[in-house]
Amino acid sequence: MQRRRFLFWVSLGMFQVGEALRINALDRLAAATLGSGQVAADPETDSDDEPEAEEEEDEGEPGSPDPKRRARHGRPPSRWLRSLKADELRIWLKTIDPPEAGVSGMTYWTHLTRDHSFDADKLTGLTVAEQAQLHAAAHDGY
Ligand SMILES: [Zn+2]
């Protein structure tokens, strides 16, 4: 648990630096640090050829959420965000203040897991208010 918490803070730092410097690979690396996604040795990181077809993401304004992710309404949000567990999400959510993004006809839980690619196991324990905040973060491009 201590190790996981340490890795969480390390990955949080990576994610924020990656956002600030527009380093696409850092989102992947931050996710990999927490044990999901591919490892750092991603072909995309050392190639200046055309972008990978895989998953077009990242290219944020310095220090802000990614306009591309925001443009597609956080579907999906960053890999890093999806790699966090509930207790880590709870910590991170307190550091941001995204504009509200409501859902209709279903719960946040259903929408987050069905449409925003979140893993249900990782959301277990979040309150409805926290789910709403996470949903707002996804729509804001995190
Ligand atoms: Zn949504």
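Each residue of the sequence shown is one higher than the last, beginning at 522 in the working numbering.
Just so it is clear, CB atoms sit at the ideal spot from N, CA and C, and this is done for glycine as well.
Values in this document were obtained by computation on a predicted structure and should not be read as measured data.
- If the five residues before and after Val624 are omitted, its C-beta is found closer than 6 Å to the C-beta atoms of His632, all from its own chain and listed in chain order.
- In this structure Thr554 is buried. Its beta-carbon is surrounded by 16 or more other beta-carbon atoms within 10 angstroms.
- Under the three-state reduction of DSSP, Met535 is assigned to helix.
- Assigned with DSSP and collapsed to three states, Phe529 falls in helix.
- A contact between stretches requires three or more CB pairs, one per stretch, nearer than 8 Å, and the segment 589-596 fails this requirement with the segment 605-618.
- For Asp636, the distance from the CB to the nearest heavy atom of ligand 1 is below 7 Å.
- Of Arg603, Gly646, Ser532, Asp642, the smallest CA-CA separation from Gly662 is found for Arg603.
- Within the model, the alpha-carbon separation for Glu621 versus Glu651 is close to 12 Å.
- In the structure shown, the three-state DSSP call for Arg600 is helix.
- Shown here for Tyr629: same chain residues with a beta carbon closer than 6 Å to its own, the five before and five after excluded, namely Gln652, Ala653, His656 in chain order.
- With a cutoff of 7 Å, Val538 does not count as near ligand 1, since its C-beta is closer than that to no heavy atom of the ligand.
- A direct Cα-to-Cα measurement between Asp548 and Trp601 gives close to 6 Å.
- If you check the C-beta of Gly595 against ligand 1, you find a heavy atom less than 7 Å away.
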